[in-house]
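Numbers given in our numbering equal positions in the sequence shown, counted from 1, plus 464.
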Amino acid sequence: MTMALALLAVGSIGAWLNAWVEPQLQVIARQQTGIALNNIVQKVIATMDYDAADLVSMQRGTDGEILTLDYDTMALNQILADALEKIDMSLEAAQDGEKDPNLDEVLYEHGIIYHVSLGSLSGFPFLSGIGPQIPFRFRMRNDVSGSLSYSAEPYGVNSTMITITLNIELRVNTLTILSITESNETMKLPLVMEIVHGQIPEYYVPRVSS
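Below you can see the structure in the form of structure tokens.
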């Protein structure tokens, strides 16, 4: 009888965890992992040294109109390669709770990015903050990947907004003692965002220099 009651209790707890707690953990995991990864990537990009003015060049006509717009892809591809390498190193250090090689600090002690109490997942407000703390950790599923995108759009009456964006793609698992959550994170970080006087002709397609 006692054994049967114990098995029933364990089964009930397991059903509660699967039906109520695990879905909440997955939502929290995606939210907090996104925040942590964005925090790491933003900090790493802020340490990179480049001159935005050297990445874009324009040729103007006698009346000041924009004739050509060139992107220095050799320099941009080097920035992309450096950024991906640095971000990958920082994420590896963060997931292991080690000192970041780019920032010279430990971003997440023991690799823990977030805690939530079991009581906070119960659905009862009076249990919020009560019970054992569930830690969240992330693990990279593959290397960091990324790309560059370019745009030159009309801005205002007679100006053009030139933008070069670094697109970072991350695939991660977020781990707790009760769940594993897979997620894909995409971040768009502007490397160049400049407003210039004049507009590019509608037929013009920007050139890419090498």
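All C-beta atoms in this analysis are idealised placements derived from N, C-alpha and C, irrespective of residue type, glycine included.
If you count every other CB in all the chains shown that lies within 10 Å of the CB of residue i, and 16 or more means buried, which is it?
i: ILE659; result: exposed
i: PHE600; result: buried
i: ASP564; result: buried
i: GLN559; result: buried
i: VAL656; result: buried
i: SER643; result: buried
i: THR645; result: buried
i: SER554; result: buried
i: ALA516; result: exposed
Can you find the residues in the same chain that come closer than 6 Å, C-beta to C-beta, to residue i, ignoring five residues on each side of it along the sequence?
i: GLN523; result: LEU531 and THR532
i: GLU617; result: MET625
i: GLY463; result: The displayed coordinates of the chain run from 465 to 674. Any statement about residue 463 would go beyond what the structure contains.
i: LEU591; result: GLY583
Relative to the C-alpha of residue i, which residue among the options is closest?
i: VAL509; options: HIS661, GLY662 and PRO654; result: The question names Val, but residue 509 in the sequence shown is Ile. The option with the nearest alpha carbon to ILE509 is PRO654.
i: ASN648; options: ALA547, LEU567, HIS661 and ARG603; result: ARG603
i: GLY610; options: SER554, SER623 and GLU549; result: GLU549
i: SER615; options: TYR572, ASP534 and ALA539; result: ASP534
i: GLY498; options: VAL636, HIS661, GLU569 and THR526; result: VAL636
i: ARG605; options: ASP513, ALA493 and GLU556; result: GLU556
i: ALA539; options: SER554, GLY525, ASP527 and TYR514; result: TYR514
i: ASP568; options: PHE588, ILE664, GLN490 and LYS507; result: LYS507
Is it true that the CB of residue j sits closer than 7 Å to the CB of residue i?
i: ILE577; j: THR640; result: no
i: GLY632; j: VAL485; result: Looking at the sequence itself, residue 632 is Ile, so the reference to Gly does not match. No, they are not a contact pair.
i: LEU634; j: LEU519; result: no
i: ASP546; j: VAL608; result: no
i: ASN566; j: THR650; result: no
i: GLU529; j: GLY662; result: yes
With a CB to CB cut of under 8 Å and the five nearest residues on each side skipped, what residues in its chain are close to residue i?
i: GLN496; result: ILE577, TYR578, PHE600 and THR638
i: LEU544; result: GLY610, SER611, LEU612 and LEU630
i: GLN488; result: LEU585
i: ILE492; result: TYR578, VAL580 and PHE600
If I measure Cβ to Cβ from residue i and keep anything under 7 Å in the same chain, skipping five residues before and after, which residues do I get?
i: GLY593; result: SER581, GLY583 and SER584
Mind pulling the beta strand (DSSP E) runs of 3 or more residues that sit fully within the region 527 to 565? 530 to 536
Run through the region 584 to 660 for me and flag every whole beta strand (DSSP E) of 3 or more residues, listed as ranges in chain order. 597 to 604, 609 to 619 and 623 to 639
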